[in-house]
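S.K.: Numbering (the working numbering), first residue to last: 62 to 505.
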Ligand code: MEV
């Protein structure tokens, strides 16, 4: 242990047993080590086998971090009913998704179309030889790269996927000697990260061996692979989701707002998010409230999905709304084009016990179907957020949930809850206001 840093650093931590890790942590970072130790251990899975599975997802695991697993029923997507699993820690998100699902259930539901499913990977390399020669011989090199990768791709090819193309990009005007192999793939029902990365690493080996053995490159054998990795930006792996109905069928909104006024305010709110990146960021964050929740519940990679979506949102040179709306000839149409690289087989989707259940709940969707479900959840979330924003304001709904969380934290009884909910119906909710209210109630 490093004495200058007290007992807060350690070498060999990863080699300690799980109990040993917790012990070291609670003794050095907490005031009540025994209490914290038993609290952390209380979240261990009661079934040792299950716990082993969870531990294997990461490193240095000491416990599990519980998150609420909820569902949003009544999603009609392409005429099929779904009960959508959602894992999210933010109150109101599942309620908002459920409300939007129910609203659109009576108006034709959500419609989707998969526009493309291409995934991408890159091999970045440095080469200082004759450019023209490299371009000229690239078709043969490409053929070799594909052939030499066949043992990796053959089962994907059997499933209908594999390598779609490999392009040579010349980036030497941006950096001396810099080239890129830009490869595209179809990965069927898997997200494909492992498959793509394995192919790319094989491409780099083949590229080196080809350039080093081919007589055309006698003068220029030096090739340096910088890195080989998939791109999480997949602008050609796109799902479109939309809802539409006559404005007259939108119904009535809070405070007597008419359907026409609602449609006008809603589409203006979208326009603002198309123009202003500050609003677009919050607007898209709301969309990802829905998307991430389903992505996590189904064992997919929410960081990849988010990173991709935000790059896509900035594809025209400025960050803008992912969703759009028109009100034309009396028809309200609201839609979203979303890049989504997800899988329903492999990885966490088949290892995480609850992710497996989520996929069963969705009746074992294909990756394309899951793209549709996730996009519909994002659109639903966005619809509900904007509906609140342009009618009652967001705080009314949020505060109900916020109040409930505060009441739980303050261990309110059922009677106290009822009385507090009534009391705060028209008042501003804050932790101190609720605490004061409960204190008074408990004294009376
Ligand atoms: C909160 O998590 C999400 C919202 O801010 C989204 C929005 O403003 O559109 C309500």
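No residue lacks a Cβ here, since even glycine has one placed at the ideal position from N, Cα and C. These figures come from a predicted structure and were not determined experimentally.
1. Given residue 83, which residues of its chain have a CB within under 6 Å of its CB, disregarding the five upstream and five downstream residues?
2. Any idea what DSSP makes of residue 76, helix, strand or coil?
3. Does the beta carbon of residue 67 fall short of 7 Å from some heavy atom of the ligand MEV?
4. Nearest CA to the CA of residue 126: which residue from 112, 133, 255 and 329?
5. Thinking just about the alpha-carbon of each residue, which of 276, 80, 323 and 357 is nearest to the one in residue 394?
6. Output the boundary residues of the alpha helix (DSSP H) element that contains residue 473.
7. Between residue 79 and residue 104, what straight-line distance do the alpha-carbon atoms span, to the nearest angstrom?
8. Using a Cβ distance threshold of 8 Å, determine whether the segment 141 to 158 contacts the segment 410 to 423, with at least three qualifying pairs required.
9. With H, G and I counted as helix, E and B as strand and the rest as coil, what does DSSP make of residue 183?
10. I need the boundaries of the beta strand (DSSP E) containing residue 172, first residue and last residue.
11. Exposed or buried, which one is residue 343 when buried takes at least 16 other CB atoms within 10 Å?
12. To the nearest angstrom, how far is it from the Cα of residue 236 to the Cα of residue 178?
13. What is the DSSP secondary structure of residue 247, reduced to helix, strand or coil?
14. How about residue 380 and residue 414: do their beta carbons lie closer than 8 Å?
15. For residue 464, which residues in the same chain have their Cβ closer than 6 Å to its Cβ, ignoring the five residues on either side in sequence?
16. By DSSP, does residue 217 sit in helix, in strand, or in coil?
17. Is residue 375 closer than 8 Å to residue 383 when the C-beta atoms are compared?
18. Cα-Cα, which of 134, 277, 477 and 367 is closest to residue 296?
19. Does the count of Cβ pairs from the segment 266 to 281 and the segment 212 to 229 closer than 8 Å reach three?
20. Can you give me the C-alpha to C-alpha distance between residue 346 and residue 86, rounded to a whole angstrom?
21. For residue 301, which three-state DSSP category applies?
22. Comparing C-alpha positions only, which one of 204, 460, 243 and 351 sits nearest to residue 271?
23. Is the closest heavy atom of the ligand MEV to the C-beta of residue 446 under 7 Å?
24. Name the two residues that bound the continuous beta strand (DSSP E) containing residue 230.
25. According to DSSP, which residues form a beta bridge with residue 284?
26. Which residues in the same chain as residue 63 place their Cβ atom closer than 6 Å to its Cβ, once the five residues preceding and following it in sequence are excluded?
27. Do residue 301 and residue 377 have their C-beta atoms closer together than 8 Å?
28. According to DSSP, what are the bridge partners of residue 146?
29. Can you tell me where the alpha helix (DSSP H) holding residue 495 begins and where it ends?
30. Go ahead and label residue 362 buried or exposed: buried means 16 or more other beta carbons lie within 10 angstroms of its beta carbon, across all protein chains shown.
31. If you check the beta carbons only, do residue 589 and residue 287 fall under 8 Å apart?
32. Just to confirm, are residue 184 and residue 289 a CB contact at a threshold of 8 Å?
33. Put residue 461 into one of helix, strand or coil per three-state DSSP.
34. Is the beta carbon of residue 344 within less than 7 Å of some heavy atom of the ligand MEV?
35. When every heavy atom of the ligand MEV is checked, does at least one fall within less than 7 Å of the C-beta of residue 450?
36. Please classify residue 106: does DSSP put it in a helix, a strand, or coil?
M.R.: Well, looking at it:
1. 98, 101 and 123
2. helix
3. no
4. 112
5. 323
6. From DSSP, residue 473 is part of no alpha helix (DSSP H); its letter is neither H nor E.
7. 13 Å
8. yes
9. strand
10. 172 to 175
11. exposed
12. 31 Å
13. strand
14. no
15. 485 and 490
16. helix
17. no
18. 367
19. no
20. 34 Å
21. strand
22. 204
23. yes
24. 223 to 231
25. 188
26. Because the pLDDT of residue 63 is 47, which lies under 50, any placement of that residue in the model is unreliable, and the question is left without a value.
27. no
28. 132
29. 492 to 504
30. buried
31. Outside the displayed span of the chain (62 to 505) sits residue 589, for which this structure offers no information.
32. yes
33. helix
34. yes
35. yes
36. coil
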